[in-house]
Structure formats: structure tokens, C-alpha cells
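In the UniProt record's numbering, the protein residues as written are 1 to 541.
Put into C-alpha cells, the structure is as follows:
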């Protein structure tokens, strides 16, 4: 027995140096890989800068500086995003809330309207090629594959039969195929965001980085929204001036202030519509509504108390912006969504967490309301007056009846024919509610296919988040599911057609499908000690 113990001790002594040698070899191999990667990146950037400058000079002679700069930057960004999908995904998420500000800051070039796709499309292409090479499914999960393909088939049928038929005898100035292609891109173009999140978020570190990045973006946008309001209040920005009649009640680019696009500010008429960092005021409203879900999720699920508090403050800022923005839908839905999240995600069970966070949030809200009682009262009066004048349910029913009568065929009147962004290719119809808009474009066949698809997506996300065992990840997944549920069946206005909901809807679904895999991974400590006694990052891919 003594000999056996001695042998085992010798074996342990021998194995530890072997492990040290192996770890040293692995560390050296990683350093070599990092060095090679840096050299490749440096070489690639040099080539791209040269190519971008050459292309920029050519475009400068064709279309001037407004075409040259986006063209030169575009080729650089597209190539880098193709080579580095995860940073590109984060850049895409970062660009979305600032797109309106960047577009107008750089001169409102039509090319800039597609700028965010320069981050997104290369990632999708790279992932599609990778999935094909490794024989991995591109549509995640398989339970939504058939409903999605049915919806895609119905959409393509409308594109070919209706838009294609219109192209044979187009109205003057119309390009029906162009309208249809852009309409399809708006309708289903960001579905692959699910795949991007599923394959690119590799571990819990990536996930929490994405979650906290989203909080920082909301915080910055919220602060800019408050500054915009202050500038208008104290007269740094003039707002809506020098106009009469109906123009007093319309948002315009002439009144633009600091960030974002068109705004309306005529407090003497009791009308304020702020765009925040977005192109239009109602996009800002839906950003605030969406932000309620992200801030709530991080407030009640992040392991770090610091990030919980940051998220809580950001949530209070979202509520404050909902009041000062002048958007009635934000004022109504932000608190309603908060209440739904409390009821449906289960944090009320954990009173130790809810009471201090809820108390702090209540204090922030009371202080904000006490500091601006007139603003709060004005917004409430505006909301009640608008509801009495045109109740939302009556508005939705009227839109549905009108478009049921005016749609040309069972497969619709053409993709993009009720999509605002497709106006660049021809005439479109303004439909201000989502399902009537889908009915007009792809007909009753397309509406039924869309309902089947979003229902399958909602059910799949529900079943997926219910399998998560980690309480924090489960709370986050539940918050994302409530957002998916809410947007799937919402028909008031058309948030799924434009930023940010057009991106966030698929982003939330992708997060939910990834969480069970992350749930099975252990969250490592942030640092560990290497053989030389120095601290190093443990997160290495």
C-alpha cells in the first residue's frame, strides 16, 4: 500500500510539470496565432485603405463628395465586417440607434439610408458560407423553418406575379420590381439576425457584453434626448418657427436640434414631437418602448450590482423621455410594458431583489415628475384628448376594412406598395397599421402565412426560455419573450417596418434561442493566475 501511494505521488509530481509545459505551449501557440492575426489585419487594412481611396477618387468625379466618402468607407467597412463577424454584429447594434443622427449629420445622402446594412449583410454572407461549409442549419431553430419558408414563398409569389406583372406595364416613374425587392427586404430582411446571434455569441461573456452594450446605448441616447429637450426649452434650438396653419403641427427637418431628424416643437400650441437620435419622432417612441424591455431585463438579471443600478437609472431615463418626447404611444406603452414584464417574467417572486430596485426606481420617477409637473399634466391631457378623438381600436378596424376592400388580389397588391422606404422607386400607399399594411401588400394568403410564422416563433421562443435553469438567464429570456409576443401581434402603426424594432425583434428572438446553450456553460471568473503569477484574461476563444 505504501509503495502504491509513493507511485501515485510520483505520478502527480510528474504530471504537474507536464501540465505546466502543455499550458506554456498553448500560451505560446496562442501568442503566435495572435501575432499572425495582427499581421494579416494590418495587411488587409492597408490594402483596403488603398482600394477605398482609389474608389473614392473615381466616385468623386462621378457624383462628388457625397458619393465619394460613403463609397470609400463602404468598401472598407464591408470587407472588415466579412472578416470579423462578431465585432461587425456589435457595430451593427451600435449603429442602429444613431442612424438618424449620422444620416443628417453627413448630409442626408440616400446612400447613407443603407449604411447599417454595410455592417449586417457581410456578416450574413459569411455565416451562410460557414454554415454551408460545416453543414450546419442556417435557419434556427428547425421548428420555425417550415413556417418561414411558407411565408417566404408567398412573398416571392407576390413579388413575381404582382410586382412582375406591374413591371410589364409600369406607371410613369414607377419601378415595381424595385419596390417589391425593397419591400421584401423590409418585410423579412432582418430575419437572419437570429442566426447571427445564435452562432456568433459563443459564451456568457459575449452575451453579457451585448446586454451591457445595449444598456450603454440606451443611456447615451436617453441623455441626448433630454439635452435636445433642454436646448429647445431654453432657446438654443428654435424649434418650429416661421410657419402657419397646418405646418404648425408637422415635424420638419428645418426644426432639427442637436441630434436626430425632423421634429415638431410648438409648445404654445401644446404640440411637441421629439425624434431623439432617430429620423422621425415615432421611431424614437418605439425605441423607448423597446428599451423598456432591455433595461428591465438587465436590471433584474445582471449579476453585477453596478450594472443593475446603471440599468435602473437608464430605465428611469426611458420613462422620463417618454414624458418629454411628446409621443403619446410612448407615454402609454412604456409603463404598460413595465407592468407586463413584472407580471409575466416572475421577478415579483424574488422580493429581496424587487423591493430595493423598485423603491429606487419609484424615487427616480417621483423626483422626475415632481420636477416637471406641467409637462406631465400636458402629456396626459394630450393623450386623453387623442384617445377620445380617435380611439386606437376604431382606427385599426377602419384601416382593416379600407384595405380589405382596396387590395387587388388574394396575394396582394404588390410587395412594398405600402412601405414608406420604397417610395424612392415609385408611388406607395400610406397604411398606418401593420396587419392592414401586410394585407394590402401580400393579401389574405400572406397575412395568414405571416400569422402562422409569428405564432410558431412566439411558441418556439416560449418553450426555449422555459428550459433555462439559471435564474438570471431565465429572467432575461422571459423579458425578451414578452417583447417578441408583444411585437408579433401588435398592429398599431408599423414598428416592424423600420428601425429599431425591425432589428430588435429578431435580435431578441436570437438571444432567446442562444440562452439555453449559454445556460449549460459555466461562467468563469474574470481573471486567473498564469504560471508567472501575473493576472491574465481567462476569456479567450
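For each residue, glycine too, the CB sits at the ideal point set by N, CA and C.
Beta-ladder partner(s) of residue i, from DSSP
| i | result |
| --- | --- |
| residue 271 | 266 |
| residue 257 | 259 |
| residue 433 | 492, 493 |
Burial state of residue i (16 or more Cβ within 10 Å)
| i | result |
| --- | --- |
| residue 391 | exposed |
| residue 128 | exposed |
| residue 146 | exposed |
| residue 531 | Low confidence applies to residue 531: its pLDDT is 38, below 50, so where it sits in the model is not reliable, and the reading given next is rough at best. Residue 531 should be labelled exposed. |
| residue 405 | exposed |
| residue 476 | buried |
| residue 403 | buried |
| residue 19 | Caution applies to residue 19, whose pLDDT of 46 falls short of 50 and renders its modelled position unreliable; the value that the coordinates give is listed next. Exposed, by the Cβ-count rule. |
| residue 597 | The question about residue 597 has no answer, for the chain in this structure spans 1 to 541. |
| residue 28 | exposed |
| residue 166 | buried |
| residue 134 | exposed |
| residue 384 | exposed |
Alpha-carbon to alpha-carbon, residue j and residue i
| i | j | result |
| --- | --- | --- |
| residue 106 | residue 100 | 10 Å |
| residue 162 | residue 413 | 7 Å |
| residue 416 | residue 180 | 5 Å |
| residue 235 | residue 268 | 14 Å |
| residue 325 | residue 225 | 8 Å |
| residue 153 | residue 309 | 46 Å |
| residue 336 | residue 343 | 11 Å |
| residue 88 | residue 478 | 27 Å |
| residue 381 | residue 436 | 29 Å |
| residue 463 | residue 457 | 10 Å |
| residue 212 | residue 290 | 15 Å |
| residue 396 | residue 491 | 7 Å |
| residue 533 | residue 205 | For residue 533, the predicted model reports a pLDDT of 41, less than 50, meaning its position is unreliable; a value from the coordinates is still stated below. Approximately 24 Å between the Cα atoms of the pair. |
| residue 296 | residue 315 | 7 Å |
| residue 210 | residue 327 | 28 Å |
| residue 214 | residue 294 | 7 Å |
| residue 186 | residue 498 | 8 Å |
| residue 379 | residue 320 | 12 Å |
| residue 474 | residue 465 | 6 Å |
| residue 521 | residue 114 | 37 Å |
| residue 470 | residue 287 | 28 Å |
| residue 246 | residue 484 | 37 Å |
| residue 409 | residue 158 | 10 Å |
| residue 367 | residue 373 | 10 Å |
| residue 137 | residue 407 | 36 Å |
| residue 401 | residue 142 | 36 Å |
| residue 506 | residue 139 | 12 Å |
| residue 528 | residue 306 | For residue 528, the predicted structure reports a pLDDT of 38, less than 50, and the residue's modelled location is therefore unreliable. The matter cannot be settled from this model. |
Beta-carbon proximity check, residue i vs residue j, cutoff 8 Å
| i | j | result |
| --- | --- | --- |
| residue 217 | residue 86 | no |
| residue 190 | residue 513 | no |
| residue 341 | residue 482 | yes |
| residue 281 | residue 322 | no |
| residue 445 | residue 439 | no |
| residue 449 | residue 144 | no |
| residue 262 | residue 253 | yes |
| residue 239 | residue 232 | yes |
| residue 193 | residue 503 | yes |
| residue 298 | residue 97 | no |
| residue 90 | residue 116 | no |
| residue 511 | residue 480 | yes |
| residue 164 | residue 426 | no |
| residue 431 | residue 422 | no |
| residue 123 | residue 196 | yes |
| residue 399 | residue 433 | yes |
| residue 182 | residue 155 | no |
Residue i - DSSP class collapsed to helix/strand/coil
| i | result |
| --- | --- |
| residue 237 | coil |
| residue 298 | helix |
| residue 492 | strand |
| residue 409 | coil |
| residue 467 | coil |
| residue 252 | strand |
| residue 125 | helix |
| residue 452 | helix |
| residue 498 | coil |
| residue 243 | coil |
| residue 191 | coil |
| residue 279 | coil |
| residue 321 | helix |
| residue 395 | helix |
| residue 134 | helix |
| residue 91 | helix |
| residue 171 | coil |
| residue 289 | helix |
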